[in-house]
Amino acid sequence: DAEITQSPRHKITETGRQVTLACHQTWNHNNMFWYRQDLGHGLRLIHYSYGVQDTNKGEVSDGYSVSRSNTEDLPLTLESAASSQTSVYFCASSGRLSNEQFFGPGTRLTVL
Amino acid sequence: QKEVEQDPGPLSVPEGAIVSLNCTYSNSAFQYFMWYRQYSRKGPELLMYTYSSGNKEDGRFTAQVDKSSKYISLFIRDSQPSDSATYLCATCFTGANSKLTFGKGITLSVRP
Chain A
1 DAEITQSPRH KITETGRQVT LACHQTWNHN NMFWYRQDLG HGLRLIHYSY GVQDTNKGEV
61 SDGYSVSRSN TEDLPLTLES AASSQTSVYF CASSGRLSNE QFFGPGTRLT VL
Chain B
113 QKEVEQDPGP LSVPEGAIVS LNCTYSNSAF QYFMWYRQYS RKGPELLMYT YSSGNKEDGR
173 FTAQVDKSSK YISLFIRDSQ PSDSATYLCA TCFTGANSKL TFGKGITLSV RP
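Chains as they are written, first to last, in the working numbering: chain A, 1 to 112; chain B, 113 to 224.
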């Protein structure tokens, strides 16, 4: 069955370190998204991609970057982790002609 | 004003109750309306998807959109403990690559 996976599921890191969160989907979807979810804020869009080599900033993109070298993967990099980036991160994907997004299981990141 | 406002909750009801979950939105150009369900420590999953105004029913769940008042509702009949989760409303514009705008989510607890 097609799916979307995220790794690691839990990560503890220190302030200032670079961290990369992986997202892999086997739906063959063109569109991929990264969100963070925090109490009181709900889901907020970090970055998104509509295809290979395409990336766009979302509403909370500062301190994050993505790259899309193939259809299946959209890794999210925190260039220099900050405590404010402690959150649960969700990756999602959708087909070219659809607004229906399928979410991964999430990565719980703690920055000490 | 946030583009999508959702009752903050939490909400606790006895098993068998009818549950009404509501959102309001500010942009009249939104055309697609969705409800996602998120169990604890899981990713959101699409529950209901409607286009423009009207009702859509799926088993015990009914999604209702009133575009004249910019109001979105999800009704759950004969609620079950397994319905205990966080429910997020989401909207987007017409167009295949339109981004979703989420409400903050409301946590529902159904007591046996």
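Backbone N, C-alpha and C define an ideal beta-carbon position, used for all residues, glycine too. None of the values given here were measured: they were computed from a predicted structure.
Under 8 Å between beta-carbons, which chain B residues line up against L76(A)? List them in chain order, please. Going along chain B, no residue has its Cβ under 8 Å from L76(A), so there is no contact; the nearest lies around 15 Å.
Relative to the C-alpha of K216(B), which residue among T203(B), P224(B), N209(B) and G207(B) is closest? T203(B)
Quick one: Cα of T77(A) to Cα of Q85(A), how far? Between T77(A) and Q85(A), the C-alpha separation is close to 11 Å.
Any C-beta of chain A under 9 Å from that of K154(B): yes
Please decide whether Q25(A) counts as near chain B, where near means a Cβ-Cβ distance under 9 Å. no
Contacts of F187(B) in chain A (Cβ-Cβ under 8 Å): Within chain A, no residue comes near F187(B); the closest Cβ sits about 21 Å away, beyond 8 Å.
Sorted by chain position, which residues of the same chain lie with C-beta nearer than 7 Å to K57(A)'s C-beta, five sequence neighbours on each side aside? H47
Who are the near neighbours of S87(A) in its chain, counting only those whose CB is closer than 7 Å to its CB and skipping five residues on each side? R36, Q37, D38 and L109
Suppose the cutoff is 7 Å on Cβ atoms and the five residues either side in sequence are ignored; what does the same chain contact list for L158(B) look like? M146 and Y148
Pick out the complete beta strand (DSSP E) segments inside the region 79 to 109 of chain A, 3 residues or longer, and give them in chain order. Fully enclosed beta strand (DSSP E) runs of 3 or longer: 87 to 94.
Kindly indicate the opening and closing residues of the beta strand (DSSP E) around W27(A). Where W27(A) is concerned, there is no enclosing beta strand (DSSP E), given that its DSSP letter is neither H nor E.
Just checking: is the beta-carbon of H41(A) within a distance shorter than 9 Å of some beta-carbon in chain B? Taking a beta-carbon distance threshold of 9 Å, H41(A) counts as an interface residue toward chain B.
Between which two residues does the beta strand (DSSP E) harbouring L45(A) extend? G42 to G51
Would you please verify whether the beta carbon of E157(B) is less than 9 Å from any beta carbon of chain A? It does: the Cβ of E157(B) has a partner Cβ on chain A nearer than 9 Å.
Three-state secondary structure (DSSP) at D1(A)? coil
Taking Cβ-Cβ distances below 7 Å as the criterion, which residues of the region 97 to 108 of chain A are in contact with chain B? L97, S98, N99, E100, Q101, F103, G104, P105 and G106
Got a sec? Which residues, its chain only, sit under 6 Å from G106(A) by beta carbon, not counting five neighbours each side? V88 and F90
With distances taken between CB atoms, is the gap from T20(A) to E3(A) smaller than 9 Å? no
Skipping 5 residues on each side, what residues in its chain have a beta carbon closer than 6 Å to that of G95(A)? Here G95(A) has H29 as same chain residues with Cβ atoms under 6 Å from its own Cβ, once five neighbours each way along the sequence are excluded.
By how many angstroms is the C-alpha of Q18(A) removed from the C-alpha of A175(B)? 43 Å
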